[in-house]
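Trainee:
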Amino acid sequence: MHKVYHRVDNIAGNVVNVKARGVKYRELAEITSRRVSSLAQVIRLEGDSVSLQVFAGARGIATDAHVRFLGHPMQVPFSDDLLGRVFTGSAMPRDKGPALKDGLIEIGGPSVNPAKRIIPRNMVRTGIPMIDVFNTLVESQKLPIFARAGEPYNPLLARIALQAEVDVIVLGGMGLKHDDYLSFRDTLEENGALGRAVMFVHTAADPVVECLLVPDICLAVAEQFALANKRVLVLLTDMTNFADALKEISITMEQVPSNRGYPGDLYSQLAARYEKAVDFDTAGSITILAATTMPGDDVTHPVPDNTGYITEGQFYLRNGRIEPFGSLSRLKQQVNGKSREDHRAIMNAMIQLYAGYREVLEKQSMGFRMSAWDQKLLKYGARFEKEMMDLTVNIPLEGALDLGWKILADCFEAVETGIPSKLAEKFWPKKEGEKKT
Amino acid sequence: MSTTGRIIGVNGNMITVEFEGAVGQNEVAFARQGELRLMSEVVRIRGRHADLQVFEDTTGLAVGDAVEFTGEMLSVELGPGLLTRIFDGLQNPLPNLAEQCGFFLQRGMYLPALPRDTGWEFTPTAKVGDRVSAADTLGTVPEGIFKHRIMVPFRMRDVLTVEEIAAPGRYRIEDVVARLKDEQGEIHEIRMLQRWPVKLPIQAYAERLRPRDPLVTKIRIIDTFFPVARGGTYCIPGPFGAGKTVLQQLTSRYADVDVVIIAACGERAGEVVETLREFPTINDPRTGKSLMERTVIICNTSSMPVASREASVYTAVTLAEYYRQMGLHVLLLADSTSRWAQALREMSGRLEEIPGEEAFPAYLESVIAGFYERGGVVTLKDGSVGSVTIGGTVSPAGGNFDEPVTQSTLKVVGAFHGLSRARSDARRYPAIDPLDSWSKYASVVSDHDVAMARQMLQRGNEINQMMKVVGEEGTVIEDFMVYLKAEYLDAVYLQQDAYDAVDCATTSERQQYVFSVLLRVLRAKMKFDGKDAARQFFHRLTQATRDWNRMAMEAGEFKKQQVRLEAMLAEVSSHA
Ligand SMILES: Nc1ncnc2c1ncn2[C@@H]1O[C@H](COP(=O)(O)OP(=O)(O)OP(=O)(O)O)[C@@H](O)[C@H]1O
Ligand SMILES: [Mg+2]
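Here you go:
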């Protein structure tokens with residue numbers, strides 16, 4: 000049916016060139032050489048010269064490789080049979096299950112018409128005070144976890160996936176360590192969540208560029224579930240590997256890099272994926288949580304930097320805790336005004352005071368005398384870290400707000416907290432034997 | 000006969016086309032893929048080859064596919080019916096696209112920007128025999144809260160004679176409302192609808208003036224410290240999450256202007272949704288109508304085609320100039336100009352041009368300057384005054400202002416609102432850095448008082464830095480007082496609660512009033528038994544002043560709270 004080409008002209012990096020006619024931009028091809036065979040995608044057309052990005056890597060591809068163009072861009076099968084299954088980064092079965100062939104959908108489809116979007120409105124409860132109280136996660140949000148390699152971002156993702164009330168979990172692994180993949184799988188299984196999950200896992204052992212397909216596959220599948228009225232949570236880990244694969248291809252294609260070798264369109268590439276997060280007016284939703292490791296623990300590195308400009312906030316995971324500074328849920332105000340009337344006040348006051356505590360710590364480390372106010376902040380900061388920040392704390396939002404008032408009242412006078420007087424009158428816990436002024 | 004060609008190369012959103020006939024720079028063409036027609040713009044011509052940027056995803060295009068050139072530059076439709084609307088960067092009405100295509104955008108779908116069958120109540124103002132030229136008013140139609148001027152098309156060069164003018168009545172935008180005769184005796188049929196190429200500024204005015212009147216945003220730190228003028232330009236650079244978009248959203252709600260054009264350029268779709276869902280429900284106190292009545296949204300968000308980002312800012316500024324021609328004050332808010340610059344960078348890379356700093360093209364600076372130059376205040380030919388004020392956000396890589404887009408922008412704008420990560424981390428919103436920012440325009444309060452307050456902020460900061468080295472005990476109480484006063488001014492005036500119904504917007508009268516009260520605090524000589532007592536006093540004063548900020552000025556409690564504040568101040572003031 001489709002013509003097979005037998006001659007590869009150039010091989011550079013993971014890109015090969017063939018001479019062919021009638022080929023479409025972004026079309027998929029199968030490339031078969033003596034040792035390897037792989038899917039490849041058209042990334043440039045110049046006259047009759049076609050550049051193909053080889054997903055399994057060009058290693059082992061010879062000039063006499065067979066190239067067969069498939070006449071369509073990348074597709075994945077979609078049906079409820081996906082649930083409970085594990086696939087590779089190119090959507091081939093990784094478990095022992097059967098290959099799926101039905102309901103093929105194209106990946107990387109068009110974006111949602113902004114006029115059809117609605118304002119996000121539902122809080123996603125996680126039981127983690129640093130999220131629920133201070134940076135509330137909202138259905139349809141896109142949010143990365145910024146962390147240094149080695150931080151427990153994968154267990155955090157898994158925990159949120161389990162505690163959040165969602166219908167479908169889609170996990171996309173990019174350069175995922177095999178152990179981490181297994182522990183994801185086991186955690187979901189132990190908690191009976193495997194049956195509502197589907198995984199597309201590219202491991203650290205797989206060819207680097209193969210991870211390029213993972214976000215698009217996950218999001219195309221998520222979109223179908225969402226259109227079928229499901230609330231979908233997509234977990235992507237680690238998006239820095241995805242960006243690095245983009246970098247590799249662009250360098251091979253001799254594009255002028257913009258910043259530390261990354262291509263100038265990194266922002267657009269990442270945005271095209273993250274913007275798939277959506278709450279459909281008359282159907283389901285897609286929420287995206289993505290681990291983004293920061294090379295050199297540097298947020299200004301192009302990957303976290305561009306990500307931060309795209310997502311609706313970020314969680315910083317540092318020393319096993321979600322940092323209050325820098326961490327931000329930009330959608331929180333959509334929901335924290337209606338959760339409980341004291342929610343915003345507690346959130347603001349506790350963070351501002353904790354900022355004060357951090358300053359005092361600095362002063363203390365320089366050996367300065369602590370004023371009475373400093374002492375209060377020190378007491379407060381220690382309790383805040385132990386009772387709110389620690390990731391083992393697992394309480395519902397309301398409990399966390401009550402705890403917030405208690406910690407504040409144990410450490411301060413109401414006027415020192417900056418909480419609007421009216422709210423303080425209502426919520427400030429009364430000390431025994433104390434009369435209200 | 001129009002020119003045609005064939006695709007000979009595809010590289011991302013750039014196609015190379017071999018053509019026969021004449022092709023112009025920036026001409027619009029359509030790449031054919033079966034029934035699909037993908038809109039494109041010529042960005043370079045070399046011999047018989049033209050490079051085009053495609054305003055759509057190019058998946059599926061193949062070598063040999065046909066390309067049709069239109070002979071026209073990228074243009075927008077101008078006429079009644081623009082206000083309240085939401086367009087993409089190419090002026091396709093997004094809600095109408097949604098009606099046709101559902102949830103998802105569809106490639107190659109283009110719809111007319113203005114409704115063709117709506118009737119508009121036309122009142123002629125020109126008479127037969129009048130001598131008119133480009134931009135002169137022929138009549139008006141009511142468009143929401145405005146009298147929309149139907150003008151002689153801006154492209155007309157001659158002085159023309161009105162041969163015929165429509166009687167008062169209802170007309171559609173494509174109906175002929177006037178016939179004009181040019182100097183050669185040729186008759187031109189005039190409709191309410193006219194087209195204008197977005198990359199050319201509309202210059203049909205009498206004179207350009209220097210921006211002098213303040214454009215009140217109702218954000219205190221801006222109006223008092225770093226003001227914007229009507230017809231001026233300003234930029235808001237800041238790292239991600241520092242509050243650029245929130246600042247623009249607040250400005251789009253509360254700014255004292257007639258028309259607001261929002262250009263959401265390469266940013267999040269969700270942010271636009273907030274505006275387009277909420278504005279229709281928010282009452283604009285100036286007009287008593289919904290805010291949407293004075294708003295146009297140009298929405299080309301980050302996952303929409305990259306090439307139309309560039310088009311979107313030009314589309315927006317062209318609409319702004321159009322309403323300026325009616326003697327209105329228009330504010331254009333572009334978020335974010337960096338995304339547009341990045342689109343230029345992507346295309347420049349594909350064209351293999353010699354890259355400048357951070358791979359941006361060498362002409363970046365002149366392109367940015369050309370865009371901001373389209374802001375300005377002008378006297379129109381009939382003597383009325385209109386203005387276009389442009390505010391653009393900048394998203395510098397790594398939050399570092401020392402990068403090409405920020406630097407090129409700073410060279411041409413009249414005010415700089417630099418957002419600081421330190422302030423946004425400390426939740427000191429709006430996070431405009433009071434030490435770094437500047438403005439060349441006039442404040443709503445006296446320059447002398449502002450200078451004094453700024454100096455106090457400066458000193459307060461220095462003392463704070465010093466205290467980090469020598470500690471509080473090593474700081475004399477006089478200095479410590481300056482620090483506390485600066486912090487107080489910051490907390491109760493520079494910071495403003497965007498989510499409080501009253502504090503979110505402060506009129507210029509209220510700013511003048513409150514600022515004069517605060518000046519008394521700043522100037523007061525106070526006496527305390529030690530630093531802890533001083534700090535405690537300022538905690539209380541801050542709290543009380545913030546409560547005051549949340550009280551409506553007309554409310555009785557506002558005065559009462561002021562009396563309380565003054566009493567607090569009197570208690571600690573030493574009347575030496
Ligand atoms: N004036 C404000 N008052 C209260 N919160 C604010 C204010 N400005 C910003 N924020 C908080 O900061 C978040 C980020 O603000 P915003 O979206 O304006 O940032 P940005 O500078 O536009 O970032 P980006 O460059 O990524 O688009 C908001 O969602 C909100 O939580
Ligand atoms: Mg923004």
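As you go down the protein sequences, you meet chains A and B in turn. Per numbering that gives the first Met the number 0, the first sequence starts with residue 0, numbered consecutively. Per numbering that gives the first Met the number 0, the second sequence starts with residue 0, numbered consecutively. Note that CB positions come from ideal geometry on N, CA and C, so glycine has one too. Remember, it's a predicted structure, so these values are computed and weren't measured experimentally.
1. Taking the C-alpha atoms as reference points, what is the distance between A/Trp427 and A/His342?
2. According to a CB-to-CB cut-off of less than 7 Å, which residues of the segment 217 to 228 of chain A neighbour chain B?
3. What are the partner residues of B/Glu40, as DSSP defines its beta bridges?
4. Between which residues of its own chain and A/Thr436 is the CB-CB distance below 6 Å, once the five residues before and five after are set aside?
5. Measuring from the CB of B/Asp336, is there a heavy atom of ligand 1 at a distance below 7 Å?
6. Below 8 Å on the Cβ atoms is my contact criterion, and I expect A/Gly194 with A/Gly336 to pass it. Report the Cβ-Cβ distance as a whole number of Å.
7. How many angstroms separate the CA atom of A/Ser139 from the CA atom of A/Asp79?
8. Run the Cβ filter for me: residues under 5 Å from any heavy atom of ligand 3, listed in the order they occur in the chain.
9. Under the assumption that B/Val481 contacts B/Gly459 (Cβ atoms under 8 Å), give the Cβ distance between them as a whole number of angstroms.
10. Confirm the yes/no value for this check: CB of B/Ser419, any heavy atom of ligand 1, distance under 7 Å.
11. Is the beta carbon of B/Arg171 sitting closer than 8 Å to the one on B/Val75?
12. Would you list the residues sitting across from A/Val165 in a DSSP beta bridge?
13. Given this structure, state the Cα-to-Cα distance separating B/Thr58 from B/Ile218, to the nearest angstrom.
14. Can you check DSSP and say which residues form a bridge with B/Asn282?
15. Can you give me, in chain order, the residues of the segment 245 to 270 of chain A that have a beta carbon less than 7 Å from any beta carbon in chain B?
16. Quick one: does the C-beta of B/Arg252 sit closer than 7 Å to a heavy atom of ligand 1?
17. Output needed for B/Thr408: all residues of its chain with C-beta closer than 8 Å, excluding positions within five of it in sequence on either side, in chain order.
18. So, is the C-beta of A/Tyr353 closer than 8 Å to a C-beta in chain B?
19. Can you say whether A/Val15 is buried or exposed, counting buried as having 16 or more other CB atoms within 10 angstroms of its CB?
20. Relative to chain A, which residues along the segment 316 to 349 of chain B have a C-beta separation below 9 Å, given in chain order?
21. Taking 7 Å as the cut-off, does the CB of A/Gln332 come closer than this to any heavy atom belonging to ligand 1?
22. Just mark A/Asp178 as buried or exposed, buried being the case when its beta carbon has 16 or more other beta carbons within 10 Å.
23. Run through DSSP, which three-state label would A/Ala98 get?
24. Quick check: does the Cβ of B/Tyr428 come within less than 7 Å of any heavy atom belonging to ligand 1?
25. Closer than 8 Å by C-beta to A/Gly319: which residues in its own chain qualify, once you throw out the five before and the five after it? Chain order, please.
26. Go through its chain and collect everything with a Cβ distance to B/Ala575's Cβ below 6 Å, but skip five positions before and after it.
27. Could you tell me the boundaries of the beta strand (DSSP E) in which B/Asn10 lies?
28. Tell me whether the beta-carbon of A/Pro128 lies closer than 8 Å to the beta-carbon of A/Val392.
29. Under a CB-based cut-off of 8 Å, is A/Thr299 close to chain B?
30. Does the segment 33 to 47 of chain A touch the segment 55 to 67 of chain A, meaning 3 or more C-beta pairs lie closer than 8 Å?
31. Under the assumption that A/Arg116 contacts B/Gly269 (Cβ atoms under 8 Å), give the Cβ distance between them as a whole number of angstroms.
32. Rounded to whole angstroms, what's the CA-CA distance from B/Leu35 to B/Leu159? Just pull it up for me.
33. Three or more C-beta pairs under 8 Å: does that hold for the segment 104 to 113 of chain B against the segment 126 to 145 of chain B?
34. At 4 residues or longer, what runs of the alpha helix (DSSP H) sit wholly inside the segment 377 to 416 of chain B?
35. Leaving out five residues on either side along the sequence, give the residues of the same chain with a beta carbon under 7 Å from the beta carbon of A/Gly70.
36. Using a C-beta cutoff of 8 Å, does B/Cys234 count as contacting chain A?
Mentor: In short:
1. Counting only the Cα atoms, A/His342 lies some 13 Å from A/Trp427.
2. Within the segment 217 to 228 of chain A, no residue qualifies.
3. Bridge partners of B/Glu40: B/Val27 and B/Gln52.
4. Residue placement at A/Thr436 is flagged as unreliable, the pLDDT there being 42, under the threshold of 50; the coordinate-derived value follows with that caveat. For A/Thr436, same chain residues with a beta-carbon under 6 Å away, outside a window of 5 residues either side, do not exist.
5. In the sequence under discussion, the amino acid at residue 336 of chain B is Thr, which differs from the Asp named in the question. B/Thr336: no, Cβ never under 7 Å from ligand 1.
6. A/Gly194 to A/Gly336, Cβ: 36 Å. No contact.
7. If I take the Cα positions, the gap works out to 21 Å.
8. For the structure depicted, ligand 3 is absent and the ligand set comprises only ligand 1 and ligand 2.
9. B/Gly459 and B/Val481 do touch by the CB rule: their CB atoms are close to 6 Å apart, below 8 Å.
10. Ligand 1 never approaches B/Ser419 closely enough for any of its heavy atoms to be under 7 Å from the residue's Cβ.
11. It is not a contact, given that the beta carbons lie outside the stated cut-off.
12. DSSP lists no partner for A/Val165.
13. Looking at the two C-alpha atoms, the distance is approximately 46 Å.
14. According to DSSP, which records beta bridges pairwise, B/Asn282 is partnered with B/Ser289.
15. Hits within the stretch, in order: Gln254, Val255, Pro256, Ser257, Asn258, Gly263, Asp264, Tyr266, Ser267 and Ala270.
16. No, Cβ of B/Arg252 sits at least 7 Å from all heavy atoms of ligand 1.
17. Excluding positions up to five away in sequence, the list reads Cys234, Pro236, Thr336, Ile367, Tyr371, Gly391 and Val393.
18. For A/Tyr353, no CB of chain B lies under 8 Å from its own CB, so it is not counted at the interface with that chain.
19. A/Val15 should be labelled buried.
20. So the list reads Ser335, Ser337, Arg338, Gln341, Ala342, Arg344, Glu345, Ser347, Gly348 and Arg349, given in the order they occur along the chain.
21. At least one heavy atom of ligand 1 falls within 7 Å of the beta-carbon of A/Gln332.
22. Exposed is the label assigned to A/Asp178, since fewer than 16 other Cβ atoms lie within 10 Å of its Cβ.
23. It is coil, neither helix nor strand.
24. Of the heavy atoms belonging to ligand 1, at least one sits nearer than 7 Å to the Cβ of B/Tyr428.
25. The answer, listed in chain order, is Glu150, Pro151 and Leu390.
26. Any reading at B/Ala575 needs caution, since the residue's pLDDT is 46, under 50, leaving its predicted position unreliable; the model's value is listed next. So the list is empty, once near-sequence residues are dropped.
27. Counting along the chain, the beta strand (DSSP E) containing B/Asn10 begins and ends at Thr3 to Asn10.
28. Yes. Within cutoff.
29. For A/Thr299, a Cβ of chain B is located within less than 8 Å of the residue's own Cβ.
30. As far as the Cβ criterion goes, the segment 55 to 67 of chain A touches the segment 33 to 47 of chain A, which means the pair count is three or higher.
31. At roughly 7 Å, the Cβ-Cβ gap stays under 8 Å, so A/Arg116 and B/Gly269 are in contact.
32. Cα-Cα distance, rounded: 42 Å.
33. Taking 8 Å as the limit for Cβ pairs, the verdict is that the segment 126 to 145 of chain B does not touch the segment 104 to 113 of chain B.
34. Fully enclosed alpha helix (DSSP H) runs of 4 or longer: 403 to 409.
35. So the qualifying residues of the chain are His1 and Glu26.
36. Not one chain A Cβ lies under 8 Å of B/Cys234.
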